[in-house]
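For reference, the structure is listed below as structure tokens.
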Amino acid sequence: MPDAVRPLRVAIVGSGPAGFYAADALLKNKTLPVEVDMFERLIAPFGLVRSGVAPDHQKIKRAAKAFERTASDPLFRLLGNVQVGVDVSVGELLELYDQVLLSVGSSGDRKLGIPGEALNGSHAATAFVGWYNGHPSFAHEEFDLSCQRAIVVGMGNVAMDVARLLVRRTSELAETDIAAHAHRALEASRVEEVVLLGRRGPAEAAFDLGELQDIAGLEGVDVRIEAAQLQPALDQLETLSAGDRRKVEFMAELAARPPKAGKVVRMEFLASPAELTGSGKPTELTGSGNKLSQVKIERNRLVERNGQQSAQGTGEYLELEAGLVFRSIGYAGVPLPGVPFDEKRGVIPNHEGRVVTASGETVRALYVAGWIKRGPSGVIGTNKPDSAQTAQHMLADAAADPARRGASREAIDGLLSQRGLKVTTYTDWEKVDRLELERGQNAGKLREKFLSNAEMLEALRE
Ligand code: NAP
23 MPDAVRPLRV AIVGSGPAGF YAADALLKNK TLPVEVDMFE RLIAPFGLVR
73 SGVAPDHQKI KRAAKAFERT ASDPLFRLLG NVQVGVDVSV GELLELYDQV
123 LLSVGSSGDR KLGIPGEALN GSHAATAFVG WYNGHPSFAH EEFDLSCQRA
173 IVVGMGNVAM DVARLLVRRT SELAETDIAA HAHRALEASR VEEVVLLGRR
223 GPAEAAFDLG ELQDIAGLEG VDVRIEAAQL QPALDQLETL SAGDRRKVEF
273 MAELAARPPK AGKVVRMEFL ASPAELTGSG KPTELTGSGN KLSQVKIERN
323 RLVERNGQQS AQGTGEYLEL EAGLVFRSIG YAGVPLPGVP FDEKRGVIPN
373 HEGRVVTASG ETVRALYVAG WIKRGPSGVI GTNKPDSAQT AQHMLADAAA
423 DPARRGASRE AIDGLLSQRG LKVTTYTDWE KVDRLELERG QNAGKLREKF
473 LSNAEMLEAL RE
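Here the sequence shown stands for residues 23 to 484, numbered as in this note's numbering.
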């Protein structure tokens, strides 16, 4: 086929929501035929829909239905078990394809940067989320849940997920797709109290109202908030957005409720961890004893900076005993070799999805979508318009320059097989999916996930 009329060949790297929404926009466009090859380092697609959304939030996981429809398009292929940046470089993909879209998300986590952060018992919330969801990178993490109190730093929706999973009755999780190891560990957990630390006030908290309502509605769980901590926000209710006002009003309702027996989720505002200290044998890494036992917390006040309410330490401290700290202060993008990266923002610099260098020049044929484009914000649906924007620019660029520089699908497959890669397909995933559902049925739950690519390959061989 002459170059100008053959379909545009696009590689999408990453099979999470941003990648799938972009694939959908490209495949459905009416102006140009497009073939999509989606690369994924795991065998299971869907990114955070599979391994970020909590097991007790199955409704949100229904987003995968739309991705399944996209994957059924004959011009779509999944190339699973291939790690771009390791097995094949972005530079090679740019030679093999007409265009490359990176939708790799933000797989790193942000650090607090305080003494004691490396102690045993101090974890990234993202690791805990990956662990209970059976993500291959985190399935083998260990969390010592034998302590009475856990502290979660941050008040975003991830912090709410972590707090809820720590206090929710495990019988309510038994029939979900929670990883079996996590369910067992949570059944044996002795955590009675989770303290959520918000560095700013109730009016600035990042979580969505529904997430707090979820926790407040749990059987055997009491949400405690000190009325005095809410007062400043209540005093300025009329200046708040409708959403923030509803959140503050709901927190006031919770603060006024009589305490109920059971596990406790305590919300502490204007509070930042200053130091984690441990007990036990000191190690070079952790300095002061290797098992977390105490958290020093600094009280904050709000100050206005660039039109925003920011937290400022007051020099007043309190100490809380705790055996676990989860820092839930946001995800961070991880650089890909040979691709521009903005270290400060943790994203690939871009202009509406077109990748640009540090000096602002557009990198030909390279695009981004999702968290690696805009940072780790928004819910799953936020990625739909974000990916559509990038897809529109990709189609416009292809229309403006009809030459097709990429290689044939045979050349692409040839290179991957030359490297000895065991590339898996969407059909392979469908088999794995069926097997996981069967395993789940046998165990009286929705799904029992395989915990690694190796386990999935083994199951496919059998
Ligand atoms: P997030 O919403 O950005 O929340 C981060 C939290 O960490 C904020 O409370 C922030 O406080 C705090 N923080 C940041 N740096 C800190 C520091 N150095 N010290 C103390 N606190 C600090 O991030 P996220 O919870 O990781 O969620 C990521 C995205 O996924 C969000 O858009 C979220 O809505 C979405 N998500 C949605 C759901 C759902 O829909 N059910 C579930 C999970 C995640 P400040 O506000 O003061 O910066």
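We put the beta carbon where it would ideally sit given N, CA and C, even for glycine.
Beta-carbon gap between residue i and residue j smaller than 9 Å
i      : j      : result
Val390 : Leu101 : no
Lys395 : Val369 : yes
Val216 : Lys269 : no
Leu319 : Leu219 : According to the sequence as given, residue 319 is Ile; it is not Leu. Result yes, Cβ atoms of Ile319 and Leu219 sit closer than 9 Å.
Leu252 : Ala207 : no
Ser37  : Glu62  : yes
Ala387 : Tyr43  : no
Cys522 : Ala293 : Since the first residue shown for the chain is 23 and the last is 484, residue 522 is missing from the structure and cannot be characterised.
Leu342 : Val317 : yes
Val213 : Leu346 : yes
Val189 : Ala181 : no
Ala238 : Ala277 : no
Met416 : Val32  : yes
Arg72  : Tyr353 : no
Gly360 : Val112 : yes
Cβ-Cβ separation, residue j to residue i (assumed contact under 8 Å), whole Å
i      : j      : result
Ala146 : Arg349 : 6 Å
Ala481 : Val454 : 6 Å
Arg84  : Met60  : With 8 Å as the limit, Arg84 and Met60 do not qualify as a contact, their Cβ atoms being about 20 Å apart.
Gln331 : Phe272 : Gln331 to Phe272, Cβ: 20 Å. No contact.
Met177 : Ala255 : About 13 Å separates the two Cβ atoms, so there is no contact after all.
Asn103 : Thr446 : 5 Å
Ala149 : Glu163 : 5 Å
For residue i, three-class secondary structure by DSSP
i      : result
Thr379 : coil
Thr412 : helix
Glu214 : coil
Arg221 : coil
Gln80  : helix
Phe497 : Outside the shown range of the chain (23 to 484) lies residue 497, about which nothing can therefore be said.
Gln440 : helix
Gly41  : helix
Asp199 : coil
Met23  : With a pLDDT of 46 at Met23, under the threshold of 50, the modelled position of this residue cannot be trusted; read the value that follows with caution. Met23 falls in the coil class under three-state DSSP.
Asp266 : helix
Arg99  : strand
Lys453 : helix
Ser474 : coil
Ala93  : helix
His205 : helix
Lys467 : coil
Contacts around residue i, its chain only, beta-carbon distance under 6 Å, and the 5 residues preceding and following it disregarded
i      : result
Gly489 : Beyond the ends of the chain as shown, which are 23 and 484, falls residue 489; an answer cannot be given.
Asp46  : Thr92
Val106 : Val35 and Phe61
Asp266 : Ala225
Tyr448 : Ala93 and Leu100
Ser211 : Leu167
Val385 : Val377
Phe160 : Ala149, Gly152 and Trp153
Ala76  : Asp183
heavy atom of the ligand SAM below 8 Å from residue i C-beta
i      : result
Glu460 : Among the ligands in the structure shown, the ligand SAM does not appear; only the ligand NAP can be found there.
Cβ-based burial, residue i [other Cβ within 10 Å; buried from 16]
i      : result
Pro55  : exposed
Ala196 : exposed
Asn322 : buried
Ser439 : exposed
Arg431 : exposed
Leu259 : exposed
Glu57  : buried
Asp199 : buried
Lys467 : buried
Glu194 : exposed
Leu70  : buried
Val340 : In the sequence as presented, Val is not what sits at residue 340; that position holds Leu. So Leu340 ends up on the exposed side.
Arg486 : In the structure as shown, the chain starts at 23 and stops at 484, and residue 486 therefore has no counterpart that could be examined.
Gln334 : exposed
Ala204 : buried
Cβ shell of residue i (< 7 Å), same chain only, five flanking positions each side left out
i     : result
His79 : none
Leu64 : Gly102, Pro158 and Asn475
Within-9 Å CB hit, residue i to chain C
i      : result
Leu259 : Among the protein chains of the structure shown there is no chain C, as only one such chain exists.
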